Amino acid sequence: MGAIADALGAERFVPVGHDWGAIAAWRCALYHPKRVAAVFGMSVPHTSPAPVPLLTLLDHFFPDRFFYIRYFQTVGVGEAELAAANTSTALKQIFYGGSGEGMRAGAIRPAPRDAKLLESWAAAPAFELPFLPDAELARYAAAFDEGGWRGPLNWYRNFDRNAADALALGDSVIHQPSAFLAGEFEPVLMFWPGQLENMRAHLADLRLEVRPAGVGHWIQQEAPAETNAALIEFLSGLKY
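Using the numbering used here, read the sequence shown as starting at 952 and increasing by one per residue.
Rendered as structure tokens:
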């Protein structure tokens, strides 16, 4: 993000991110405290590094249940399953499962610990998803077919290194103005308790926290008007 700002000639900037992009945006504020004027995260809250390795945490909260991050840890396993599936079908299944409609329908189903990823998500409906037109889904599928799954899944294999990196930056408190946007049915916030409380304790200037009703994980696609309104409200109040 800092390099992109350099290329755009921006000495001061506001990182905005969703999911893994949110983690990158939060961390960017810690890496560049003088250059980052403010930070806006969506769906994944800012957090301090866990006091134990991630897999230890997952084994505590999900000892007998499938959990996708643990499944992704072994290189090649997740890649093989997803490469063998129809890419559009698999992506639609994942997008539907994490949406507000999918969450309300229980599309992310409890599964045994040794299950596979797509076994733990209900099939998507046959009709076009209202927040993800088939033409857009096809572009996503084409990108995954071209680039493969290894790179994306490697993000999930780097939690402990990221935690060590965060610890080296200090107490993880972000002092710049910040905002957080997440849907009412955000699955990440259901992983374990205390995430929002931890986030608030580490955002010294949290100015906006919005939870649109009925919305799941894909907030900027499911609720574009609410997302844009929150961004404009937050950015218009900044002076930098």
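We put the beta carbon where it would ideally sit given N, CA and C, even for glycine. Quick caveat: nothing in here was measured; it's all calculated off a predicted structure.
Sixteen is the threshold: since fewer than 16 other Cβ atoms of the shown chains lie within 10 Å of the Cβ of glutamate 962, the residue is exposed. The alpha-carbon separation between leucine 1182 and serine 1039 amounts to approximately 30 Å. The residue among Ile974, Gly953, Pro966 with its C-alpha nearest the C-alpha of methionine 1150 is Ile974. In terms of Cβ geometry, glutamine 1044 and alanine 1066 do not form a close pair [threshold 8 Å].
Excluding sequence positions up to five before and after phenylalanine 1136, its CB lies within less than 6 Å of the CB of Gly1051, Met1054, Gly1167, all in the same chain and listed in chain order.
Cβ neighbours of tyrosine 1107 within its own chain (closer than 6 Å, five residues either side excluded): Ile1020, Phe1023. Setting aside the 5 residues that flank it on each side, alanine 1133 is surrounded in the same chain by Met993, Ser994, Leu1140, Arg1162, Ile1170, each with a C-beta closer than 7 Å to its C-beta; the list follows chain order. Here serine 1129 is bridged, per DSSP, to Val990, Leu1157.
Rounded to whole angstroms, the gap between the alpha carbons of phenylalanine 991 and glutamate 1070 is 34 Å. Separation of the CB atoms of proline 996 and alanine 980 is rounded to 13 Å, and the pair is thereby denied contact status at 8 Å.
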